Amino acid sequence: MGCRLLLLLSALCALLLLLLLCLGLLLRADSDLTLQWAERRGRCPERELPGMVVWVTGASGGIGEELAYQLSKLGVSLVLSARREHELERVKRKCLDNGTVKEKDILILPLDLTNRSSHEVATNAILQEFGRIDILINNGGRAQCSLIVDTNMDVFKELIELNYLGTVSLTKCVLPHMIQRKQGKIVTMNSLVGIIPGTACSGYGASKHALRGFFNSLYIELGEYPDIIISNIYPGPVRSNIMKNALTEEITKDFKYIHTLATSRCARLILIAMANNLKEVWISGQSFLLRAYLWQYMPSLACWISRVFQKQLRKILNDM
Ligand SMILES: NC(=O)c1ccc[n+]([C@@H]2O[C@H](COP(=O)([O-])OP(=O)(O)OC[C@H]3O[C@@H](n4cnc5c(N)ncnc54)[C@H](OP(=O)(O)O)[C@@H]3O)[C@@H](O)[C@H]2O)c1
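Quick note, the sequence shown lines up with residues -31 to -1, 1 to 289 if you use mature numbering (1 follows the signal peptide of the UniProt record, and there is no 0).
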């Protein structure tokens, strides 16, 4: 009897220690536990990604620009897309300065995600140039910062047109080609607000929730093609121009905000997720990461806490 009790107590202590270890890792982390494990023990991008043809949307700034630099150092063939061609040229020059890729390895392909009729032509242009698309990184998008009551319907429509329908349309153009080859990766930049509801970003959050639903369904539908990888990336706040470019109450009004995680760190973690074929990753410092876990596993408690702190968040927004 005494021996059994001792065994039970030891097992409980071991479990407690494991929980404390996980909590310690989580508190110091800037990504979820699976991605942390992949970074320490998994496959590295330098071995897995060279030689691939990678199409990055939203490559003219922020996370997309940083992804382009880091990918160019790995020796991939790059297709850079966004609306501002001169910015894409600037990113291309910086990639060439890295010295690993050559002029012929980088294609500049201006593209407006909201102009869906142009997506098929763009896809074919890449197939003509490189013969295949190994990885599509759906990164282009815009955020929002305005309360629901103050926000014009045009803003909600624009967010769905760009973040959701633009991404779905491009994915649908690339998908038949990947199905034909029975391989490929589709990596989509979602956001932690696609999991945690945020104050003053209802339309943005809705567009990202829609993406979550779409890509989770796509993952299941592609069950017979295990080598087509669907990867969803959920970053928290990252240093970029996203809030400078955010939509507010009116289509024409600007907003300014300060971000936390370095863009280079975010891009590196995305490459690790790609190299390890991770289906869903969360990239963020605290408190966003803890909140994501809370929303995932204890939504009622998370909902209550968010409402309690809602007033403080609203005050911060008003003071800006
Ligand atoms: N930064 C963050 O805190 C954060 C957090 C979570 C998720 N994300 C997601 O990460 C992705 C990249 O954001 P970011 O932080 O790098 O923002 P960013 O610095 O504002 O860059 C956004 C990119 O999207 C492109 N874009 C905007 N509208 C477009 C359109 N109509 N057609 C084609 N491209 C368009 C922009 O290029 P052009 O203006 O030249 O078209 C730019 O290259 C977004 O999907 C965002 O939702 C960011």
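The C-beta atom is built at its ideal place from N, Cα and C for all residues, glycine as well.
No experiment lies behind these values; they were computed from the predicted model shown.
- With a contact defined as Cβ atoms closer than 8 Å, Ile104 and Met21 qualify at about 6 Å.
- In the same chain as Leu230, and ignoring 5 residues on each side of it, the C-beta atoms closer than 8 Å to its own belong to Asp(-2), Pro204, Gly205, Pro206, Val207, Arg208, Ile252, Ser253, Gly254, in chain order.
- In the structure shown, Gln149 falls within a helical segment according to DSSP collapsed to helix, strand and coil.
- Pairing Gly110 with Ala51 gives a Cβ-Cβ distance that is not under 8 Å.
- As for any alpha helix (DSSP H) of minimum length 4 sitting wholly inside the region 98 to 130, the runs are 122 to 128, ordered along the chain.
- In terms of side-chain proximity, the C-beta atom of Ser115 is found no nearer than 7 Å to any non-hydrogen atom of ligand 1.
- Within a 10 Å sphere around the beta-carbon of His55 sit fewer than 16 other beta-carbons, which makes this residue exposed.
- In the DSSP assignment, Pro204 falls outside any alpha helix (DSSP H) and within the unbroken beta strand (DSSP E) covering 197 to 204.
- In this structure, the alpha-carbon of Glu89 lies about 15 Å from that of Val48.
- Relative to ligand 1, Pro166 has its C-beta separated by 7 Å or more from all heavy atoms.
- Here the C-alpha atom of Ser186 lies approximately 11 Å from the C-alpha atom of Ala179.
- Taking a cut-off of 8 Å for Cβ pairs, the region 252 to 271 and the region 156 to 173 touch, as three or more such pairs fall below it.
- With a cutoff of 8 Å on beta-carbon distance, Glu130 and Leu216 are scored as not near each other.
- At a threshold of 7 Å, Glu89 does not count as near ligand 1, since its beta carbon sits no closer than that to any of the ligand's heavy atoms.
- Two segments are said to touch when three or more pairs of C-beta atoms, one from each, lie closer than 8 Å; by this definition the region 268 to 281 does not touch the region 11 to 28.
- For Pro14, the number of other beta carbons within 10 angstroms of its own is at least 16, and it is reported as buried.
- The three-state reading of DSSP puts Met212 in coil, since its state is none of H, G, I, E or B.
- Residue nearest to Leu(-6) within the set Phe257, Pro268, Met212 is Phe257 (criterion: CA-CA distance).
- When secondary structure is reduced to three states using DSSP, Leu82 falls in the coil class, being assigned neither helix nor strand.
- In this structure, the CA atom of Leu78 is about 11 Å from the CA atom of Glu98.
- Per DSSP, the beta bridge partners of Ser46 are Val22.
- When Ala(-21), Arg16, Gly(-30) are compared, the shortest CA-CA separation from Asn245 is found for Arg16.
- Among the bridge pairs identified by DSSP, Met158 is matched with Ile202.
- For the pair Ser115 and Thr69, the CB atoms are not nearer than the 8 Å cut-off.
- Pro19 places its beta carbon 8 Å or farther from that of Leu36.
- With a cutoff of 8 Å on beta-carbon distance, Val137 and Gly172 are scored as not near each other.
- In this structure, Lys248 lies near Asn201, with their beta-carbon atoms less than 8 Å apart.
- As the crow flies, the alpha-carbon of Asp81 is around 13 Å from that of Tyr133.
- DSSP places Glu219 outside both helix and strand once states are collapsed to three, so it counts as coil.
- The C-alpha of Leu2 is placed about 13 Å away from the C-alpha of Leu(-14).
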